[in-house]
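The structure under discussion appears below in the form of structure tokens.
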Amino acid sequence: MDPLSIGSSVLSLHQRENSEQHKDDAFREIIASCRSLSKYETNIKSALPQILSAIVAASFHIVIGISLAYSAILIPQLEQPGSDVPITKGQSSWIASIIVIMVPIGSLVAGVMMEFLGRLNTIKLAAVPCVAGWVAIALANNFTWIMVGRVLTGFACALGTSPAIVYITEVARPDMRGSLISSGPTLASLGMVIAYAKGAFMDWRLVSWICIIYTIVPVLLIQLFVPESPVWLVSKGRIEDAARSLRFLYKKYPQPEHTVRAGSQKNVNRHGQQQSKLRGFLKPTGYKPMIILFWFFLIQQFSGIYITLFFAVTFIQDVGTEVNAFTASIFVGLTRFSMSLLNAWLLKRFPRRQLVMVSTTGMAICMFVSGLFTLWIKEGTTTLTWIPVVGLLLYVCASMIGLLTIPWTMTAELFPTDIRGIAHSISYSMANLLMFFAVQSYRTITDLLGGAYAVQWMFAVVSVIGFFFALFFLPETHGKSLAEIEAFFAGKSQPQRVPTEPAAKPSVTEHLIRSPSREAKLREVELMLKNKNGA
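Residues 1029 to 1563 (the working numbering) make up the sequence shown, in order.
Quick look at the structure:
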């Protein structure tokens, strides 16, 4: 599907929504959706359904992580003498980067699919091209078929990533949103560890066959255990399904004061539903987040985070260390995974801007020192060849604190409801285009700058730029509801929290539709649900 037909699909979706405006507003609005609830429960028991749903929805990220790291184990094996599929250096760059260039296309398709079919159904469909891609790679007897497989798995990565992040954003409480969104990168990091470990001991064809299992299992888990997003269900008029989804996700319901805050979220959401999704990008709430994310992702990509991922083994070989590159890559993957677990706690505990500033500072120091020792190794003035490997591990630790994960988290946080699905897909596509240019240019940059040491110093300089970007331009989203974030970009005062006297906890129906002007509709829907339950 070309970009024009994608745009036509988006317009058709908007026209369809406009044609249904005459229908009962109770079936088009949601006050207390899972994404707008405040800090009313803090115990693990009450949050367990949300946590499990988020993890299962994000479980497809495991095979995404494997797909991203697969080039790191595939390229060195194909470049070995006697390989049954010999490749050149130029072809190796395409093997690493082609998966990234397919993601923008898949993301745009995912943006439309998740609006029509739902968040979880889109993830399930992602398994089809993913399985086909792994089969193509496993049976490949030339460079072309490897590329076909990488194209298909790259497309599947996009179909599985965007809906998962949007789903988690819509079902998570504000105080847990960042941590639960980070479960995606965490599971992707686990997938990278799996890829590095298998690549050190297995042939690349066998790894491809095994990856089919990692593709199918998440789909089965989603089908059996996870309810669809209540936000999407309400937008399609499926109030009863949304009520059941909320009952599963929230065993206990928020007190009235939080319903007041959620009501302000509803006012923002209803206003967004009356506007064209495309026109929404012309507003400050649309274009400001997009500009911020462009520069944020540009810094992220050229600070070397994903270059060291796609070329992990090759990068370690280039620094001149005597440490086994495949073994070192496993430690890189384990470090990334371990830090991703810590990152979930960091996102919950600390402001985003502070994390990014700490992250970029650590990355700059590590890359400068590692580059210095890489130069000395090249000149033969040091025998401490293990220092660059340690520097790389610490660099990965620092990147996981903020710069690797927070830009992806913000793609779902910064945009208003009316354009969130499309805007997330566009920003995700933009990020992957930048990633493609960064990964594709790695070999060229290395030659132009004169070696691996200079590339590492370039990473350090970009990391310093990232520090000042976070200091002066990055908005803070930690602990804020999506309505408050939207109000910030719109230049409006944030929704006020109005204290109320303790009262009985509202029913699920009241969460879905509670408005003073619609008490009659409330009684109608309550009666409908009672009759349904009675039946």
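A virtual CB, placed ideally from N, CA and C, is assigned to each residue, including glycine.
With distances taken between CA atoms, Phe1495 lies nearest to Arg1381 out of Val1137, Arg1307, Arg1381 and Ser1469. DSSP places Tyr1470 inside the alpha helix (DSSP H), whose first and last residues are Tyr1470 to Leu1477. In this structure, Ala1426 and Ile1193 do not form a Cβ contact; the two beta carbons are roughly 23 Å apart against a cut-off of 8 Å.
The residues Tyr1481, in chain order, have a CB closer than 7 Å to that of Leu1403 in the same chain once the five nearest residues on each side in sequence are set aside. Around the beta carbon of Thr1411, fewer than 16 other beta carbons lie within 10 angstroms, which makes this residue exposed.
Bounds of the alpha helix (DSSP H) holding Thr1402 are Arg1380 to Glu1407.
DSSP places Asn1352 in the coil class of the three-state scheme, outside both helix and strand. By the C-beta criterion, the stretch 1170–1185 is judged not to be in contact with the stretch 1420–1439, since fewer than 3 inter-stretch pairs fall below 8 Å. DSSP, read as helix, strand or coil, puts Pro1109 in coil. In the DSSP assignment, Tyr1278 falls outside any alpha helix (DSSP H) and carries neither an H nor an E. Between Val1360 and Ile1335, the C-beta gap is not smaller than 9 Å, which leaves the two residues out of contact. Counting only unbroken stretches of 4 or more residues, the alpha helix (DSSP H) elements lying wholly within the stretch 1229–1272 are 1232–1253 and 1258–1263, in sequence order. Boundaries of the alpha helix (DSSP H) harbouring Asp1346: Ala1340 to Asp1346, taken from the DSSP string. In the three-state DSSP reduction, Ile1327 falls in the helix class (H, G or I). For Arg1377, the three-state secondary structure derived from DSSP is helix.
For Ser1135, the closest C-alpha among the options Gly1478, Phe1500 and Ala1451 is that of Ala1451. Of the other Cβ atoms in all chains shown, fewer than 16 fall within 10 Å of the Cβ of Trp1373; this residue is therefore exposed. Under the DSSP assignment, Phe1496 falls in the alpha helix (DSSP H) whose first and last residues are Ala1480 to Phe1500.
Taken through DSSP and simplified to helix, strand or coil, Ile1115 comes out as coil.
Shown here for Gln1329: same chain residues with a beta carbon closer than 7 Å to its own, the five before and five after excluded, namely Leu1462, Met1463 and Ala1466 in chain order. Rounded to whole angstroms, the Cβ separation of Ala1097 and Ala1223 is 4 Å, and the two are in contact under 8 Å. Excluding the 5 residues flanking it on each side, Val1397 has same chain C-beta neighbours closer than 6 Å at Gly1419, in chain order. By the neighbour-count criterion, in which 16 or more other beta carbons inside 10 Å mark a residue as buried, Gln1468 falls on the buried side. Secondary structure at Thr1197: helix, using DSSP grouped into helix, strand and coil. Around the beta-carbon of Asn1460, 16 or more other beta-carbon atoms lie within 10 Å, marking it buried. Ile1244 sits exposed, since fewer than 16 C-beta atoms from the chains shown fall within 10 Å of its C-beta. In chain order, Val1483 and Met1486 place their CB closer than 7 Å to the CB of Leu1477, counting only its own chain and leaving out the 5 sequence neighbours on each side.
For Phe1354, the closest of Arg1147, Gln1105 and Leu1148 by C-alpha to C-alpha distance is Gln1105. For Tyr1195, the closest alpha carbon among the candidates Arg1471, Ser1081 and Ser1457 is that of Ser1081. Annotation for Trp1232: Ile1101, Leu1102 and Gln1105 place their beta carbon closer than 7 Å to its own, counting only its chain and skipping 5 residues before and after.
Put simply, of Pro1255, Met1175, Met1130 and Asn1169 the residue whose alpha carbon is nearest the alpha carbon of Val1084 is Pro1255. DSSP, read as helix, strand or coil, puts Phe1309 in helix.
DSSP, read as helix, strand or coil, puts Pro1157 in helix. Exposed is the label assigned to Lys1117, since fewer than 16 other Cβ atoms lie within 10 Å of its Cβ.
Taking every protein chain shown into account, the CB of Asp1446 has 16 or more other CB atoms within 10 angstroms, so this residue is buried. Relative to the Cα of Ile1238, the nearest Cα in the group Val1128, Trp1122, Pro1213 and Cys1158 belongs to Cys1158.
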